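Below is one structure, written out as structure tokens, with a few remarks after it.
Protein chains: 4
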Amino acid sequence: MLSSYRYSRLVQFADTDLAGVVHFTWIAKYMEEAEHALWRAAGLTIAPADSPLRYPRVSITIDFKAPLYFEETVEDHVTVTAMSRRAIRYAHTLTRGDTIIATGTMTAVCVKQDVSGMQATDLPDDVRAKLAVMPS
Amino acid sequence: MLSSYRYSRLVQFADTDLAGVVHFTWIAKYMEEAEHALWRAAGLTIAPADSPLRYPRVSITIDFKAPLYFEETVEDHVTVTAMSRRAIRYAHTLTRGDTIIATGTMTAVCVKQDVSGMQATDLPDDVRAKLAVMPS
Amino acid sequence: MLSSYRYSRLVQFADTDLAGVVHFTWIAKYMEEAEHALWRAAGLTIAPADSPLRYPRVSITIDFKAPLYFEETVEDHVTVTAMSRRAIRYAHTLTRGDTIIATGTMTAVCVKQDVSGMQATDLPDDVRAKLAVMPS
Amino acid sequence: MLSSYRYSRLVQFADTDLAGVVHFTWIAKYMEEAEHALWRAAGLTIAPADSPLRYPRVSITIDFKAPLYFEETVEDHVTVTAMSRRAIRYAHTLTRGDTIIATGTMTAVCVKQDVSGMQATDLPDDVRAKLAVMPS
Numbered sequence: 001m002l003s004s005y006r007y008s009r010l011v012q013f014a015d016t017d018l019a020g021v022v023h024f025t026w027i028a029k030y031m032e033e034a035e036h037a038l039w040r041a042a043g044l045t046i047a048p049a050d051s052p053l054r055y056p057r058v059s060i061t062i063d064f065k066a067p068l069y070f071e072e073t074v075e076d077h078v079t080v081t082a083m084s085r086r087a088i089r090y091a092h093t094l095t096r097g098d099t100i101i102a103t104g105t106m107t108a109v110c111v112k113q114d115v116s117g118m119q120a121t122d123l124p125d126d127v128r129a130k131l132a133v134m135p136s
Numbered sequence: 137m138l139s140s141y142r143y144s145r146l147v148q149f150a151d152t153d154l155a156g157v158v159h160f161t162w163i164a165k166y167m168e169e170a171e172h173a174l175w176r177a178a179g180l181t182i183a184p185a186d187s188p189l190r191y192p193r194v195s196i197t198i199d200f201k202a203p204l205y206f207e208e209t210v211e212d213h214v215t216v217t218a219m220s221r222r223a224i225r226y227a228h229t230l231t232r233g234d235t236i237i238a239t240g241t242m243t244a245v246c247v248k249q250d251v252s253g254m255q256a257t258d259l260p261d262d263v264r265a266k267l268a269v270m271p272s
Numbered sequence: 273m274l275s276s277y278r279y280s281r282l283v284q285f286a287d288t289d290l291a292g293v294v295h296f297t298w299i300a301k302y303m304e305e306a307e308h309a310l311w312r313a314a315g316l317t318i319a320p321a322d323s324p325l326r327y328p329r330v331s332i333t334i335d336f337k338a339p340l341y342f343e344e345t346v347e348d349h350v351t352v353t354a355m356s357r358r359a360i361r362y363a364h365t366l367t368r369g370d371t372i373i374a375t376g377t378m379t380a381v382c383v384k385q386d387v388s389g390m391q392a393t394d395l396p397d398d399v400r401a402k403l404a405v406m407p408s
Numbered sequence: 409m410l411s412s413y414r415y416s417r418l419v420q421f422a423d424t425d426l427a428g429v430v431h432f433t434w435i436a437k438y439m440e441e442a443e444h445a446l447w448r449a450a451g452l453t454i455a456p457a458d459s460p461l462r463y464p465r466v467s468i469t470i471d472f473k474a475p476l477y478f479e480e481t482v483e484d485h486v487t488v489t490a491m492s493r494r495a496i497r498y499a500h501t502l503t504r505g506d507t508i509i510a511t512g513t514m515t516a517v518c519v520k521q522d523v524s525g526m527q528a529t530d531l532p533d534d535v536r537a538k539l540a541v542m543p544s
């Protein structure tokens with residue numbers, strides 16, 4: 001069972017904006033990429049091709065601490081901090097070397113998707129078997 | 137029947153990159169937005185909710201003529217230049233006032249999408265009834 | 273002086289993801305677009321070409337309430353909820369008709385940008401003259 | 409001197425659209441990422457922090473051959489096919505295993521950027537010393 005993952009990512013040109021730094025929505029994308037990398041490391045995928053289950057975000061918070069620049073390497077340490085019957089909460093810390101770039105939280109919920117839309121549903125057994133809350 | 141459309145768009149902050157100008161992939165997105173606006177103006181949608189038909193691009197060409205900046209208004213004049221049984225070809229001219237920002241072409245093909253993937257198929261009757269090639 | 277703005281936006285194809293809904297980072301982009309539209313309505317720009325001042329985000333929170341789909345129109349009601357010497361806090365409510373899509377907050381800080389990076393600095397007089405906190 | 413590079417990239421969730429495949433503008437972004445990776449492999453950067461030189465695209469062509477899906481690995485083989493005094497032309501072939509996903513060309517031009525805009529200028533010596541046209 002996995003509770004955390006360290007995801008490393010090179011900043012690409014298209015991630016930047018006219019202020020010369022990474023646009024804030026890319027910090028959020030790096031966090032999502034880290035979450036999905038944690039799932040892969042646990043032997044899971046967030047979007048199984050043969051399943052109606054999806055894991056949309058229901059809340060995010062991000063505090064931006066320092067600017068991040070083109071071709072820098074950022075590391076996101078993502079940790080599972082809570083799991084309920086239907087939701088998983090993650091904490092994120094993004095760093096460039098010893099500098100904290102951003103911290104954040106994201107809560108994703110399990111939904112069943114069909115033509116009528118999305119309905120919250122219980123996390124499947126394989127997710128419960130492979131992801132665990134980090135002991136505090 | 138419609139053969140062309142003039143789509144107007146304000147440049148947003150997130151469309152820019154560290155060079156201070158609109159990133160080239162956003163020029164391509166403006167062209168796709170204009171194509172979809174042409175379809176709406178013709179009473180169509182590129183992604184009907186109750187249909188397996190989709191219209192992915194099979195080729196694009198873009199020539200970039202002048203930089204485009206934050207909060208400028210760009211207009212894309214999109215024209216249907218060819219229709220075959222399964223494909224539609226568009227020409228695009230993006231301008232800011234009298235300045236040409238970019239010109240391009242895009243060819244989209246009609247596909248039927250199911251679990252096995254995408255298969256090219258004939259354009260449906262309502263598309264043929266509402267879009268027409270611009271007389272030259 | 274302006275304290276709020278209602279920004280309307282059509283969901284574009286590229287805003288969606290494989291779950292068939294608007295990707296969560298686009299909700300954040302819509303909020304930024306609304307903020308900049310508020311500034312324009314107040315006679316301001318967030319990125320004056322002849323100034324070293326920029327307004328990066330230092331924190332965001334978003335709660336996602338309902339999925340948003342291609343070609344729907346979303347409205348973001350953005351309100352200035354606090355101003356300090358160097359920072360502005362906004363509240364956002366995104367709706368599609370009577371349905372709340374998301375709520376959120378964003379805090380932006382005024383920085384002076386030069387080759388050495390970004391340094392927090394006081395909000396300029398024209399911003400103080402044209403934006404005001406919404407009376408509660 | 410380097411003439412080509414093989415860039416490998418995992419497809420991220422945010423790269424996909426409601427058709428369930430990678431959005432075409434992301435194919436263009438992968439090509440730009442590969443170009444920049446070629447520059448890094450040659451000991452160069454496309455955006456030196458202490459230089460007014462930038463390398464915007466002046467033309468692109470892309471043919472899309474097969475859909476690409478979430479969590480697949482795509483490889484872009486980028487090759488320098490021509491260099492003039494001010495411009496570099498690249499050819500790109502994107503593959504997933506033995507399947508060709510897309511082929512394309514991109515031409516970038518060297519510009520000097522200042523407050524008055526962008527002016528085309530000669531490629532600097534270090535770029536000429538480290539990148540070379542692939543012998544045919």
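Chains as they are written, first to last, in this note's numbering: chain A, 1 to 136; chain B, 137 to 272; chain C, 273 to 408; chain D, 409 to 544.
Glycine included, C-beta positions come from ideal geometry on N, C-alpha and C.
Since we're looking at a predicted model, the values are computed, not measured.
Which of helix, strand or coil does DSSP assign to residue i?
| i | result |
| --- | --- |
| Leu94(A) | strand |
| Tyr415(D) | strand |
| Ala82(A) | strand |
| Lys266(B) | helix |
| Ile237(B) | strand |
| Ile435(D) | helix |
| Glu211(B) | strand |
| Ala34(A) | helix |
| Asp114(A) | strand |
| Ala185(B) | coil |
| Asp423(D) | helix |
| Ala338(C) | coil |
| Ala450(D) | coil |
Taking 9 Å as the threshold (C-beta atoms), are residue j and residue i in contact?
| i | j | result |
| --- | --- | --- |
| Leu94(A) | Val21(A) | no |
| Met439(D) | Val488(D) | no |
| Phe200(B) | Arg493(D) | no |
| Arg96(A) | Val74(A) | yes |
| Phe342(C) | Phe296(C) | no |
| Thr152(B) | Asp50(A) | no |
| Ala300(C) | Ala28(A) | yes |
| Ser139(B) | Leu259(B) | no |
Between which residues of its own chain and residue i is the CB-CB distance below 6 Å, once the five residues before and five after are set aside?
| i | result |
| --- | --- |
| Ala495(D) | Thr515 and Val517 |
| Met355(C) | Val405 |
| Ile254(C) | Only positions 273 to 408 of chain C appear in the structure, and residue 254(C) is not among them; the question remains open. |
| Ile100(A) | Lys65 |
| Ser59(A) | Thr107 |
| Ala528(D) | Arg494, Val517 and Val519 |
| Arg145(B) | Tyr166 and Val210 |
Flag residue i as yes when its Cβ comes closer than 8 Å to any non-hydrogen atom of the ligand ADP, and as no otherwise.
| i | result |
| --- | --- |
| Pro135(A) | As for the ligand ADP, it is missing from this structure, which has no ligand bound. |
For residue i, I'd like the list of residues in its chain whose CB is within less than 7 Å of its CB, leaving aside the five on either flank, ordered along the chain.
| i | result |
| --- | --- |
| Ala170(B) | Tyr141, Tyr143, Asp212, Val214 and His228 |
| Tyr90(A) | Glu35, Val78, Thr79, Val80, Thr81, Thr105 and Met106 |
| Ala510(D) | Ile435, Ile470, Asp471, Phe472, Lys473 and Leu502 |
| Val419(D) | Val430, Leu476, Tyr477, Phe478, Glu479, Glu480 and Val482 |
| Pro456(D) | none |
| Ala19(A) | none |
Note down, in chain order, each residue of its chain lying with its Cβ closer than 8 Å to the Cβ of residue i, except the 5 sequence neighbours on either side.
| i | result |
| --- | --- |
| Pro324(C) | Lys384, Gln385 and Asp386 |
| Ala537(D) | Met409 |
| Met526(D) | Arg462, Pro464, Val519 and Lys520 |
| Leu316(C) | Asp398, Val399, Lys402 and Leu403 |
| Ser116(A) | none |
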